[in-house]
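Report on the following structure.
Residue numbers (the numbering used here): 253 to 385.
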């Protein structure tokens, strides 16, 4: 088992984003659409990766993704990020989503993915990650 996979999980990393799942984000079954959730994860990861890179970053891949439970409308979602690795120009970041379900009052992990970002310059070309001061 990897160090970011746990039997009794708790959020890993720093809180990067919090929002409420709204009815306009539902799929045909009335649950929150997975694609919308992935886009919010990308926003949270980008915000934190740009801090690590001290500048602009671009998403280059999602290494793995696992949806554990559906998200209900009205759920308060918390997005946590943890930097796993920093290369010359890339940043691997774990992004977890946790839900505070309004119907059950249950706090649970919804999904996680490992995003890879690359630092880019103003022209969109890869650049080295600049250490934060």
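By construction, the Cβ of each residue, glycine as well, lies at the ideal position given by its N, Cα and C atoms.
Burial is judged here by how many other beta carbons sit within 10 angstroms of a residue's own beta carbon; residue 369 has at least 16 and is buried. Excluding its 5 nearest sequence neighbours in each direction, residue 310 has C-beta neighbours in its own chain below 6 Å: 370 and 372, listed in chain order.
Three or more beta-carbon pairs drawn from the segment 350-360 and the segment 316-336 are found closer than 8 Å, and the two stretches are therefore classed as touching. In this chain, the beta strand (DSSP E) harbouring residue 316 covers 309-319. Of 341, 348, 271 and 302, the smallest CA-CA separation from residue 334 is found for 348. Nearest to residue 290 by alpha-carbon distance, out of 308, 269, 261 and 306, is 269.
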